[in-house]
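Asks: Just so we're aligned, residue 2 is where the sequence shown starts under the working numbering, counting upward by one.
Just so you know, even glycine gets a beta-carbon here, dropped at the ideal spot from N, CA and C.
So that we are looking at the same thing, I have put the structure below in structure tokens.
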Amino acid sequence: QLWVITRPTIDFNGSAGTIGANDYGKGDSATLFVDTEFKGNLNDMKRPDFRNEMLKALTLKGKGFIEDLKVSKVRDGSPGYKIIEYSYEIESEAGFSINRDGIASFTQAGDDGSLQIFWTGVVTPRYGKEMEKTLNMITGSFRVGQIPKKIAGSVQTRDFTRKDEQDAIANGSAIPFVQYNS
2 QLWVITRPTI DFNGSAGTIG ANDYGKGDSA TLFVDTEFKG NLNDMKRPDF
52 RNEMLKALTL KGKGFIEDLK VSKVRDGSPG YKIIEYSYEI ESEAGFSINR
102 DGIASFTQAG DDGSLQIFWT GVVTPRYGKE MEKTLNMITG SFRVGQIPKK
152 IAGSVQTRDF TRKDEQDAIA NGSAIPFVQY NS
């Protein structure tokens, strides 16, 4: 298997992008989604709530392509985590449908109440025999933690400069960007 890891890009405007891993050739994916506007409690969620959150995660990059999303199973994971199994259909722009199955891990870490979801998906024919065990392993290993306040204050979140930018500035092929706050 050739899983390609993707990370957000970070520059002077902040960060953008997705955290995930994909085997593009086979259509396998694992992606982190954070619902920062979630107003509930993970322990109070019912099957329809999990379905609604999965729909948000699956449609983040485009609405109208996900059909027939069903949550088939909800179970407890490690303490503080819920694991769901689900299926859905992608309606492609080319006019055909792709059936997919997946497993997702839900947790709620931090004081802001946001919900963190690490979801996986594969084409349905590969799910049962080939990938169900792998997806369970991937989602079962997902962990989120809160940075302790005494450490969080010392973590640098601004003025990030990539190594290649530092090198270019050092050898004179680029000039540093300075952002002035008015």
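Apply the 10 Å Cβ neighbour rule to F107 and answer buried if 16 or more other Cβ atoms are within range, or exposed otherwise.
Replies: buried
Asks: Excluding the five sequence neighbours on either side, which residues of its own chain have a C-beta within less than 7 Å of the C-beta of V75, listed in chain order?
Replies: R48, F51, K83, I85
Asks: In whole angstroms, what separates the C-alpha of V72 from that of Y87?
Replies: 4 Å
Asks: For D24, which option in E38, K134, I6 has the closest C-alpha, if you only look at C-alpha atoms?
Replies: Its Cα nearest to that of D24, the residue I6 stands out among E38, K134, I6.
Asks: D77: buried (16+ other C-beta within 10 angstroms of its C-beta) or exposed?
Replies: Around the beta carbon of D77, a 10 Å sphere encloses fewer than 16 other beta carbons of the protein chains shown; the residue is thus reported as exposed.
Asks: T121: buried (16+ other C-beta within 10 angstroms of its C-beta) or exposed?
Replies: Burial call: buried.
Asks: Less than 7 Å separating the beta-carbons of T125 and N100?
Replies: yes
Asks: In whole angstroms, what separates the C-alpha of S142 from that of L136?
Replies: 10 Å
Asks: Mapping the DSSP letters down to three states, classify A169 as helix, strand or coil.
Replies: helix
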